[in-house]
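*Asks:*
Numbering (our numbering), first residue to last: 329 to 613.
Structure, rendered in structure tokens:
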């Protein structure tokens with residue numbers, strides 16, 4: 329059982345209590361529980377560049393094409409997303425619970441396997457050609473392309489790639505869509521497609537709170553912990569006082585000391601104090 333006696337000049341900062349001399353709280357195991365939900369926040373990356381290259385036309389740029397075709401070893405697709413404009417400041421890889429690439433399949437001429445490779449050097453959709461295309465890294469994901477996918481969205485997990493980009497493990501130069509030899513012949517809508525809004529998308533779900541961590545400043549943390557700021561009569565984090573003591577103000581300074589009967593003028597013999605041993609009935613009045 330807890331009996332709490334409050335006074336605005338006394339505060340047990342560890343318990344987060346502000347006391348008033350006229351208020352007597354008698355509560356049997358009163359507990360306040362604050363539940364902070366785990367946030368899952370979806371963010372959409374920005375797509376500034378999408379293009380394809382063709383070994384059949386090695387010097388031609390397809391940056392303004394309405395589709396991105398990927399065919400065997402002949403045509404490759406290139407996509408580059410900007411992550412940070414739509415992410416909270418300070419977002420790091422550990423905040424990313426899931427990153428999903430979404431592509432709208434315009435047509436499938438032949439089924440097969442599509443590989444996703446990181447691009448290793450800079451490029452732009454207005455200048456890239458097959459002869460100038462940058463080198464690619466090892467495949468980071470694969471997806472099976474079947475004939476029945478025409479007119480549908482496909483998804484590819486790029487979580488680790490996005491984490492690596494955010495953490496600086498790898499520079500974000502985008503990804504390349506590559507069909508395996510003799511494999512898929514597939515066409516995707518590009519952002520230039522005027523028939524539909526089916527541009528490639530990269531959706532990131534933040535499993536933790538890039539936003540919650542940003543919002544938890546020293547001020548809000550102290551408030552949640554029950555610590556008063558100096559302008560509210562508190563002592564801040566630098567003067568916690570001794571364990572079990574209360575903080576007492578004389579109007580100018582704060583001191584740390586045990587609670588004593590004289591702290592309750594006129595009521596010195598009228599309060600109950602917790603002890604470690606069971607008290608006799610005669611001790612209660």
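Don't be surprised by glycine CBs; every beta carbon is placed ideally from N, CA and C.
Based on DSSP bridge pairs, tell me the residues matched to residue 482.
*Replies:* 431, per the DSSP bridge assignment.
*Asks:* According to DSSP, is residue 392 part of a helix, a strand, or is it coil?
*Replies:* Coil, per DSSP.
*Asks:* Just list the beta strand (DSSP E) runs in the stretch 411-473, keeping only unbroken ones of 3 residues or longer that don't cross its boundaries, in chain order.
*Replies:* Runs of the beta strand (DSSP E) inside the stretch 411-473: 424-438, 440-446 and 469-473.
*Asks:* According to DSSP, what are the bridge partners of residue 408?
*Replies:* According to DSSP, residue 408 bridges with 377.
*Asks:* Starting from the C-beta of residue 485, find all residues in its chain whose C-beta is less than 7 Å away, skip the five residues before and the five after it, and write them out in chain order.
*Replies:* Only 428 and 469 meet the Cβ criterion.
*Asks:* What three-state label does DSSP hand residue 523 in the structure shown?
*Replies:* Coil.
*Asks:* Indicate the three-state DSSP secondary structure (helix, strand or coil) for residue 518 in the structure shown.
*Replies:* Residue 518 falls in the coil class under three-state DSSP.
*Asks:* Whose C-beta lies closer than 8 Å to the C-beta of residue 441 among residues of the same chain, with five residues either side of it excluded?
*Replies:* Contacts found: 470, 471, 472, 473, 507, 508, 511 and 512.
*Asks:* Does the distance from the C-beta atom of residue 431 to that of residue 503 stay below 8 Å?
*Replies:* It is not a contact, given that the beta carbons lie outside the stated cut-off.
*Asks:* Name, in chain order, the residues that DSSP records as bridge partners for residue 326.
*Replies:* The displayed coordinates of the chain run from 329 to 613. Any statement about residue 326 would go beyond what the structure contains.
*Asks:* Can you tell which of 388, 372 and 408 has its C-alpha closest to the C-alpha of residue 505?
*Replies:* The residue with the shortest Cα to Cα distance from residue 505 is 408.
*Asks:* Using only alpha-carbon positions, find the residue among 467, 498, 574 and 478 that is nearest to residue 449.
*Replies:* Nearest C-alpha to residue 449: 498.
*Asks:* Report yes or no: do three or more beta-carbon pairs, one from the stretch 369-377 and one from the stretch 400-420, lie closer than 8 Å?
*Replies:* Result yes; three or more Cβ-Cβ pairs closer than 8 Å.
*Asks:* Within 10 Å of its beta-carbon, does residue 588 have 16 or more other beta-carbons around it, so buried, or fewer, so exposed?
*Replies:* Answer is exposed; the Cβ neighbour count stays below 16.
*Asks:* Quick check on DSSP: helix, strand or coil for residue 487?
*Replies:* It is helical.
*Asks:* Determine whether the beta carbon atoms of residue 456 and residue 391 lie at a separation below 8 Å.
*Replies:* For residue 456 and residue 391, yes; Cβs fall inside 8 Å.
*Asks:* Expressed to the nearest angstrom, what Euclidean distance is found between the alpha-carbon atoms of residue 462 and residue 447?
*Replies:* Looking at the two C-alpha atoms, the distance is approximately 7 Å.
*Asks:* Among residues of its own chain, excluding the 5 on either side of residue 493, which ones have a beta-carbon nearer than 7 Å to its beta-carbon?
*Replies:* Here the set comprises 411 and 500.
*Asks:* For residue 413, which residues of its own chain have a beta-carbon under 7 Å away from its beta-carbon, when the five flanking residues on both sides are left out?
*Replies:* Here the set comprises 374.
*Asks:* In terms of residues, what are the limits of the beta strand (DSSP E) holding residue 533?
*Replies:* It spans 529-534 - the beta strand (DSSP E) in which residue 533 sits, taken as one unbroken run.
*Asks:* Smallest Cα separation from residue 385: which of 377, 403 and 581?
*Replies:* Comparing Cα positions, the closest option is 403.
*Asks:* Identify, in the order they occur along the chain, each residue of the same chain with its Cβ nearer than 8 Å to the Cβ of residue 467, setting aside the five sequence neighbours on each side.
*Replies:* Contacts found: 443, 444, 445 and 506.
*Asks:* Are the Cβ atoms of residue 514 and residue 480 separated by less than 8 Å?
*Replies:* No; because the gap between Cβ atoms is not below 8 Å, this pair is not in contact.
*Asks:* Of all the options 397, 489, 424 and 528, which has the alpha carbon lying nearest to the alpha carbon of residue 376?
*Replies:* Checking every option, the nearest Cα to that of residue 376 belongs to 528.
*Asks:* Helix, strand or coil for residue 370 per DSSP?
*Replies:* The answer is strand: DSSP assigns residue 370 an E or B state.
*Asks:* Helix, strand or coil, according to DSSP, for residue 575 in the structure here?
*Replies:* Residue 575: strand per DSSP, three-state reduction.
*Asks:* Quick check: is the beta carbon of residue 426 nearer than 8 Å to any beta carbon in chain B?
*Replies:* Absent here is chain B; the protein component of the structure consists of one chain.
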